[in-house]
Amino acid sequence: MRRLFPVTDETAAPASDGVPGTPGTATAAREWGLDELADAYAYAVDVAGPGSWLRANMVSTLDGAAQHDGRSQPISSAADMRIFGTLRGLADVVIVGAETVRQEGYRPARARDDFAARRAAAGQGPAPAIAVVSASLDLDFSLPLFTSPLLPTLVLTGAAAAPDRIAAAEKAGARVVIAGDGAGVDPARAVRALADLGLYRLLTEGGPRLLGQLIAAGVLDELCLTVSPMLTAGNAQRIAGGPSVAVPSRFELTSLLEEDGFLFSRYRRT
């Protein structure tokens, strides 16, 4: 792993192979530890004070595909998964769409010793909660995500959700949070509802439909985007879908890392 941006004395110095890096070393030789990654991806503000901070973590190929054969794993890498785990280790809650839960086989977040001290110092529990966004509640509530999480899984839905599906979710041990007046979820209301539960450091892992809704509602603060050095062609989804916004949202690059041709970027809303 090496840092490309922001430029520092270390990133600007020529390495023995002529590529910017640590002087006299091979730039691709060292794998960053989890503490280094956690420092690099630390939340930018004391979110428990001024309010929530919502970041997204997504991966895309060079030609814009967010998935291959319906899943993100084939376009990911070991370094991408380390960052995936780090972002979870820093979050209060992971927000995910119902279709992604079904496609990716989501399981409960687990407590990790590597992040225990950092989470305790931040006043966080041992692991992030998982919050599933679903209008229909068409979910398999017998899965471990609902029956055996470390923290109760949250289900964000609308006030018009079917009562029998709400009852099934609650019977399985999930906590249902109403975050919309109709069948669907209002993204801004969902963010406020999570803050009311003491969950301020928000992370969404998609999928594309959910991310598109968050962008359209103007509640996304940060995007952590992995650019995978792969081409897939086909008709795979982009990282965000749904209706376009009237005016494109402008984000600024705050960090860029590289390992094995994968680029790990971090953009913040201006």
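When you read off a place in the sequence shown, starting at 1, and then add 647, the result is the number in the numbering used here. Note that CB positions come from ideal geometry on N, CA and C, so glycine has one too.
Where Pro-855 falls, given that 16 or more other Cβ within 10 Å makes a residue buried: As a first step, residue 855 is located in the sequence shown; it is residue number 208 there, counting from the start. Within 10 angstroms of the beta-carbon of Pro-855 lie 16 or more other beta-carbons, which makes it buried.
Look up Thr-873 in the DSSP assignment and say whether it is helix, strand or coil. Here residue 873 refers to the residue found at position 226 of the sequence shown. In the structure shown, Thr-873 sits in a strand (DSSP, three-state: E or B).
Reduced DSSP category for Met-728 - H, G, I as helix; E, B as strand; rest coil: What you label residue 728 is simply residue 81 of the sequence shown in a count that begins at 1. Residue state, collapsed to three classes: helix.
Take Ser-699 and list the residues in its own chain whose beta-carbon comes closer than 6 angstroms to its own, dropping the five residues that flank it on each side. Counted from its first residue, the sequence shown places residue 699 at position 52. If we look at Ser-699 and ignore the five residues flanking it on each side, its Cβ neighbours are Val-838, Ala-842, Tyr-847 and Leu-849.
Comparing alpha-carbon positions, which option in Asp-682, Leu-684, Gln-750 and Gly-772 lies nearest His-715? Taking the first residue of the sequence shown as position 1, residue 715 is located at position 68. Answer by Cα proximity: Gln-750.
In whole angstroms, what is the alpha-carbon distance linking Arg-916 and Tyr-688? The residue you call residue 916 lines up with position 269 of the sequence shown. The residue you call residue 688 lines up with position 41 of the sequence shown. Pairing Arg-916 with Tyr-688, the inter-Cα distance amounts to about 15 angstroms.
Assuming Ala-756 and Ile-777 form a contact by the criterion Cβ under 8 angstroms, report the distance between their Cβ atoms to the nearest whole angstrom. The count along the sequence shown starts at 1 and reaches residue 756 at position 109. The count along the sequence shown starts at 1 and reaches residue 777 at position 130. Confirmed, about 6 angstroms.
DSSP three-state assignment for Ile-825, whether helix, strand or coil: The count along the sequence shown starts at 1 and reaches residue 825 at position 178. Under the three-state reduction of DSSP output, Ile-825 falls in the strand class.
Assess, as a yes-or-no matter, whether the stretch 891 to 910 is touched by the stretch 733 to 740 under the definition of 3 or more beta carbon pairs within less than 8 angstroms. The stretch 733 to 740 is not in contact with the stretch 891 to 910.
For Ala-919 and Pro-721, I'd like the C-alpha separation in whole angstroms. Outside the shown range of the chain (648 to 917) lies residue 919, about which nothing can therefore be said.
Is it right to say Val-802 is buried, meaning 16 or more other beta carbons lie within 10 angstroms of its own, or is it exposed? Within the sequence shown, residue 802 is the residue found at index 155, counting from 1. Residue burial is scored here from C-beta neighbours: Val-802 has at least 16 other C-beta atoms within 10 angstroms and is therefore classed as buried.
Can you check DSSP and say which residues form a bridge with Val-866? Your numbering for residue 866 matches position 219 in the sequence shown. Per DSSP, none; premise fails for Val-866.
Taking DSSP's pairing of strands, which residues face Ile-813 in a bridge? Looking up residue 813 in the sequence shown gives position 166. Under DSSP, no beta-bridge partner is assigned to Ile-813.
Going along the chain, which residues of its own chain have a beta-carbon closer than 7 angstroms to the beta-carbon of Ala-860, five neighbours each way excluded? On the sequence shown, position 213 is the one that residue 860 refers to. It is worth fixing the name first, because residue 860 is Gln in this sequence and not Ala. Cβ neighbours of Gln-860 beyond the five flanking positions: Pro-834 and Gly-889.
Where Val-654 falls, given that 16 or more other Cβ within 10 Å makes a residue buried: By 1-based counting over the sequence shown, the position of residue 654 is 7. Classification of Val-654: exposed, given that the 10 Å Cβ count is below 16.
Ranges of the beta strand (DSSP E) found wholly within the stretch 824 to 859, counting only runs of at least 3: Given a length threshold of 3 residues, each whole run of the beta strand (DSSP E) inside the stretch 824 to 859 is given here in chain order: 848 to 851.
Please determine, among Leu-786, Leu-681 and Ala-816, the residue with the shortest C-alpha to C-alpha distance to Glu-746. As a first step, residue 746 is located in the sequence shown; it is residue number 99 there, counting from the start. It is Leu-786.
6 angstroms Cβ shell around Trp-679 - same chain, five flanking residues per side excluded: Position 32 of the sequence shown, counted from the start, is the residue given in the question as residue 679. Once the five neighbours on either side are set aside, the close Cβ partners of Trp-679 are Met-648.
May I ask you to report which of helix, strand or coil DSSP gives Thr-674? For the purposes of this step, residue 674 is taken as residue 27 along the sequence shown, with counting starting at 1. In this prediction, Thr-674 scores a pLDDT of 46, lower than 50, which makes its location untrustworthy; the coordinate-derived value is nonetheless stated afterwards. Of the three classes helix, strand and coil, the one that applies to Thr-674 here is coil, per DSSP.
Over the uninterrupted alpha helix (DSSP H) stretch that includes Thr-794, give me the two end residues. The sequence position of residue 794 within the sequence shown is 147, counting from 1. Element bounds for Thr-794: 791 to 794.
Less than 9 angstroms between the C-beta atoms of Leu-701 and Thr-851, yes or no? By one-based count along the sequence shown, residue 701 stands at place 54. By one-based count along the sequence shown, residue 851 stands at place 204. Yes, Cβ-Cβ distance for Leu-701 and Thr-851 is below 9 angstroms.
Using a Cβ-Cβ cutoff of less than 7 angstroms, which residues in the same chain neighbour Phe-711 once the five nearest sequence positions on both sides are dropped? Position 64 of the sequence shown, counting from 1, holds the residue named residue 711. Note that residue 711 is Gly in the sequence shown, not Phe. Cβ neighbours of Gly-711 beyond the five flanking positions: Arg-885.
Do Leu-797 and Pro-773 have their C-beta atoms within less than 9 angstroms of each other? Along the sequence shown, read from residue 1 onward, the residue named residue 797 stands at position 150. Along the sequence shown, read from residue 1 onward, the residue named residue 773 stands at position 126. Between Leu-797 and Pro-773, the C-beta spacing is below 9 angstroms.
Under the rule that 16 or more other beta-carbon atoms within 10 Å means buried, what is Gly-770, buried or exposed? Position 123 of the sequence shown, counted from the start, is the residue given in the question as residue 770. With fewer than 16 other Cβ atoms inside 10 Å of its own Cβ, Gly-770 counts as exposed.
Rounded Cβ spacing between Asp-727 and Val-706 (contact assumed at less than 8 angstroms): Walking along the sequence shown from the start, residue 727 turns up at place 80. Walking along the sequence shown from the start, residue 706 turns up at place 59. In this structure, Asp-727 and Val-706 form a Cβ contact; the two beta carbons are roughly 6 angstroms apart against a cut-off of 8 angstroms.
Which of the three DSSP states, helix, strand or coil, is assigned to Thr-917? As a first step, residue 917 must be located in the sequence shown, where it is residue number 270. In the structure shown, Thr-917 sits in coil (DSSP, three-state: anything other than H, G, I, E or B).
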